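What follows is a short report on a single structure.
Chains as they are written, first to last, in my numbering: chain B, 394 to 509; chain Y, 2 to 120.
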C-alpha cells in the first residue's frame, strides 16, 4: 500500500537558519505529493503541492521538488522565521487508475520550533 | 467561503456519556473525512464518505464510534459511551474528488477541530 515517511522530529532551529525536512514515499503509479502545515491550535492547511515528477511546489518561501527517482519530496526553506514554528505533514494522493475519493496518506508529522 | 465548520470547538464530558461532533463541509465538495489527532498516535483517518456514502470505516477504533452523513452539507461523529482514552482533537476535512486518470491531486480542506476531553 501507499506510505509516507518523514524525518524524526522535533526540529529546533534559530531564526534565519536553513530548513530541510525529509520526506520519502512508497506508492504505485504516479502519486501527487503535498506538504501541509498545522499552526498551534489550528487544523491542517495546504502549504504546497506537486502533481508530477520534477515539479517544484513553492509557497511562502518553502519549496519541495517531486523526485521520482529517489521517491522523495523534501521540504526546504532558506531562512526560517519564528512564525514558521508549526507541525509539517508530508502527504500523497494515489495516482493511476481508479479513484481514491480524495483520500490522502499522511506522514507522522515533524514539529518545527524556531527560536529568535 | 466559510470553510469547513466544526462544532463544538471544545467538549468536556464524563466517562460513559454520549458525545456528538458535527461537521459542515465546504459547499460543492463531495468527499468528507474524519480524523483524530493525539500526541501518542499522531493523525489517524477514522472514516471517509463520498457523495454521502461511507467508503472506508476501517479506521474507526471500535463499535463505540459511529459516523453518519445524512446529506451533502452535514456529518456527525458519535461516541457512545465515551472513555478517557477518546480524549483527542477530532478534525473534519472535505475535498472535491475528481474522476479520471489524473484525478488524485485533490486538496483537502480541514476544519479547526473539536478538542474532546473525557474525564
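Even glycine gets a Cβ: it sits at the ideal position worked out from N, Cα and C. Keep in mind it's a predicted model, so treat the numbers as computed, not measured.
Inset, instruction - Check residue 475 of chain B in the structure and name its three-state DSSP category. - result: helix
Inset, instruction - Kindly indicate if chain B contains any beta-carbon less than 8 Å away from that of residue 81 of chain Y. - result: So, not an interface residue.
Legend entry - Contact list for the stretch 439-459 of chain B against chain Y, Cβ threshold 7 Å: The residues in question are 439, 442, 444.
Inset, instruction - Indicate, with yes or no, if the ligand GTP has a heavy atom lying under 7 Å from the CB of residue 25 of chain Y. - result: Ligands are entirely absent from the displayed structure, and the ligand GTP is therefore not among its contents.
Inset, instruction - Count the other CB atoms, across all protein chains shown, that sit within 10 Å of the CB of residue 13 of chain Y; report buried if there are 16 or more and exposed otherwise. - result: exposed
Legend entry - the stretch 40-49 of chain Y touching the stretch 20-29 of chain Y, judged by at least three CB pairs closer than 8 Å: no
Inset, instruction - Would you kindly work out how many angstroms separate the C-alpha atoms of residue 120 of chain Y and residue 79 of chain Y, rounded to a whole number? - result: 17 Å
Legend entry - Nearest-angstrom Cα separation, counted from residue 477 of chain B out to residue 410 of chain B: Those two C-alpha atoms are separated by around 12 Å.
Inset, instruction - Use the C-beta contact count for residue 509 of chain B: other C-beta atoms within 10 angstroms, 16 or more gives buried, fewer gives exposed. - result: Residue 509 of chain B should be labelled exposed.
Inset, instruction - Identify, in the order they occur along the chain, each residue of the same chain with its Cβ nearer than 8 Å to the Cβ of residue 437 of chain B, setting aside the five sequence neighbours on each side. - result: 429, 430, 431, 482
Inset, instruction - Indicate whether at least one CB of chain B lies closer than 8 Å to the CB of residue 48 of chain Y. - result: No, no contact with chain B.
Inset, instruction - For residue 27 of chain Y, decide whether its Cβ has a neighbour in chain B, counting only Cβ atoms nearer than 8 Å. - result: no
Inset, instruction - For residue 44 of chain Y, decide whether its Cβ has a neighbour in chain B, counting only Cβ atoms nearer than 8 Å. - result: True, the Cβ-Cβ gap to chain B drops below 8 Å.
Inset, instruction - Would you list, in chain order, the members of the stretch 51-62 of chain Y that have their beta-carbon closer than 8 Å to a beta-carbon of chain B? - result: 51, 56, 57
Inset, instruction - Determine, using beta-carbon pairs with one atom in the stretch 450-466 of chain B and one in the stretch 63-72 of chain Y, whether at least three such pairs fall under 8 Å. - result: no
Inset, instruction - Return the residues of the stretch 489-508 of chain B that lie within a Cβ-Cβ distance of less than 8 Å from chain Y, sorted by chain order. - result: Flagged, chain order: 489, 490, 492, 493, 494, 495, 496, 497, 499, 501, 502.
Inset, instruction - Output yes or no for whether 8 Å exceeds the beta carbon distance between residue 486 of chain B and residue 497 of chain B. - result: yes
Legend entry - Sub-8 Å separation of residue 62 of chain Y and residue 19 of chain Y beta-carbons: no
Inset, instruction - On a CA-only basis, which of Y:115, Y:11, Y:99, Y:92 is nearest residue 51 of chain Y? Give me that one, please. - result: Y:99
Legend entry - CB contact below 8 Å: residue 468 of chain B versus chain Y: no
Inset, instruction - Find out if the Cβ-Cβ distance for the pair residue 494 of chain B, residue 32 of chain Y is shorter than 8 Å. - result: Closer than 8 Å, so yes.
Inset, instruction - Less than 8 Å between the CB atoms is what I'm expecting for residue 11 of chain Y and residue 116 of chain Y, so what's the real figure, rounded? - result: 5 Å
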